[in-house]
Each structure stands twice: as C-alpha cells, then as structure tokens.
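Residue numbers (the numbering used here): 39 to 120. Here's the structure we're looking at; comments come further down.
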Ligand code: HEC
C-alpha cells in the first residue's frame, strides 16, 4: 500500500512538472488574446528567436512570462523549436 502511495506521489509530481513550458502560455496564446502555437511556430524558426521575441514583446501581459527565461526555453522546446 505504501508503495502504491509513493508511486502515485511520484507520478503526480512528474505530471505537475510537465505542466510547465507551453502549458503556461496557452491560456493567452490560444489564438484569441495572443498568437497560437501554429502562428508562433510559423513566425519563429529557432528557440533563440522565439525566446528573444518573448522578452521583447511590448505587451504588458507578457511581463511575467518573459521574466522566466527557463520557462520560455521550456515553452520553445514544447513547440518543437531548437
Ligand atoms: C497573460 C497572457 C499571456 C501569457 C500567459 C503569455 N503571453 Fe505571450 N503574448 C501575450 C500577448 C497579449 C502578446 C502580444 C501579441 C501581439 O503582439 O499580437 C504576446 C506575445 C508573445 C510573443 C511575441 C509574438 C510576436 O509575434 O512577436 C511571444 C514569442 C510570446 N508571447 C511567447 C509566450 C510564451 C513562450 C509564453 C509562456 C512562457 C507566453 N507568451 C505567455 C500574452 C501572453
């Protein structure tokens, strides 16, 4: 029983870690408030370009996201950018 509980904790832990990256951006980047995944991957070809554009965005809504460099990189990786 203990083992099962431990496994559950581990699995849920990993699940919450996985809920980072692009998942953090999707609320806004759904194509309504901000460009969606398809629009962004069409515009940016590399992770560097993408991260740079995120930081340079003039949108006040991007403030929290652009301060988190690791988060931006994780999002870029989720979009398949290298
Ligand atoms: C609170 C809402 C919100 C969140 C969360 C958010 N964004 Fe944005 N983002 C915006 C808005 C609004 C713009 C400006 C859209 C425009 O210029 O048309 C923007 C612009 C951008 C741009 C520039 C697009 C361009 O064409 O120049 C990039 C890249 C970007 N966001 C990436 C991200 C990433 C990566 C995350 C998650 C780590 C994220 N955003 C989270 C709202 C958000």
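Built from N, CA and C at the ideal position, the CB exists for glycine as well.
Closer than 7 Å: residue i CB and nearest the ligand HEC heavy atom
i	result
residue 69	no
residue 118	no
residue 80	no
residue 75	no
residue 62	yes
Secondary structure of residue i, DSSP reduced to three states
i	result
residue 54	Low local confidence applies: a pLDDT of 49 at residue 54 is under 50, so the model's placement there is unreliable, with the coordinate-based value given in what follows. Three-state result, residue 54: helix.
residue 112	helix
residue 61	helix
residue 68	coil
First through last residue of the alpha helix (DSSP H) which encompasses residue i
i	result
residue 86	85-94
residue 97	Here residue 97 belongs to no alpha helix (DSSP H), and DSSP marks it neither H nor E.
residue 78	75-81
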